[in-house]
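Asks: Just passing along the structure, written as structure tokens.
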Amino acid sequence: MTEFTSIIMTAYPQSLYLAQMTMASIASVTRYTDPEDYEFILMSDSEKFSVRDDHKVLKIDRYEKTEGWGYTKSMNKGAKLAKGKYLVFLQNDVFVPEGWLLHLQYYLDHGLADCVIPDQMPRSREFVKKSYSMSYEEAMKFGSRDAGLLMITKEAFNKIGGWNEELSLLAERDFYERMAAAGIKQIDTCKVMVSHIMAATNFSRMHIKPEEYEEMIKKDAGILNK
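Converting from the sequence shown to our numbering requires adding 87 to each position, the first position being numbered 1.
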């Protein structure tokens, strides 16, 4: 039997579009994941539009509304609330397929990785069909990462001290580097392929508050390049 997983989603619903996108992402998790295998923690920061469950089917076990916490602090708080041995950090512009959770858990259950990241790039139908017959080990050769979703053991997460709360837009780069420095085995896999809009919240910020976006990038770059 696999371990229980805590899924932590961060959201910054500053527009109706971003709230609707968040609901659609949560719906994909509810639709394609057995409820007994996970808990779902939604960390919604400075929201102007609530995440609704109009049809009363979405699995949201905790809905934490915060003000001005930001991306990384919200993820760390979600991790502290989590009951699972495994943690999934899921961005609200990611959509998962059938079987995604158990396939990712396989890598952690069998000691193949401490952290696993699913494939998030456009793929041809031919490649997708080929991936179905790949072994878990073979699929590790073809993963292509982006920051939208990762699964990590809570032990590994605590070992590196969680997310750097000084950072926001470039937090994943720092997270990957600290995992490597701490000897955390991280892999990519095409055994799971998710759909990821990629930077949907930040593109919205760039359009509405471009000065804020530029300032956040400069701040993160300054911290990382010390």
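For glycine and all other residues, C-beta sits at the position ideal for the given N, C-alpha and C.
(1) Please report the residue range of the beta strand (DSSP E) in which ASP132 lies.
(2) CA-CA distance, THR288 and ILE295?
(3) When DSSP builds the beta bridges, which residues end up paired with ASP275?
(4) Residue range of the beta strand (DSSP E) that VAL175 falls in?
(5) Under 7 Å Cβ to Cβ from GLU253, same chain only, skipping five residues before and after it: list those, please.
(6) Is it the case that the segment 175 to 182 contacts the segment 276 to 286, given that we only count it when at least three CB pairs across the two stretches are under 8 Å?
(7) Where do the ends of the beta strand (DSSP E) carrying ILE94 lie?
(8) At the level of alpha carbons, what is the spacing between GLY171 and GLU123?
(9) For SER133, collect the residues of the same chain with a Cβ closer than 7 Å to its Cβ; drop the 5 residues on either side in sequence, then sort them by chain order.
(10) Kindly identify the DSSP beta-bridge partner or partners of HIS283.
Replies: The answer reads as follows:
(1) 125 to 132
(2) 11 Å
(3) ILE204
(4) 173 to 178
(5) ILE310
(6) yes
(7) 92 to 98
(8) 12 Å
(9) TYR99, GLU154, GLY155
(10) VAL181
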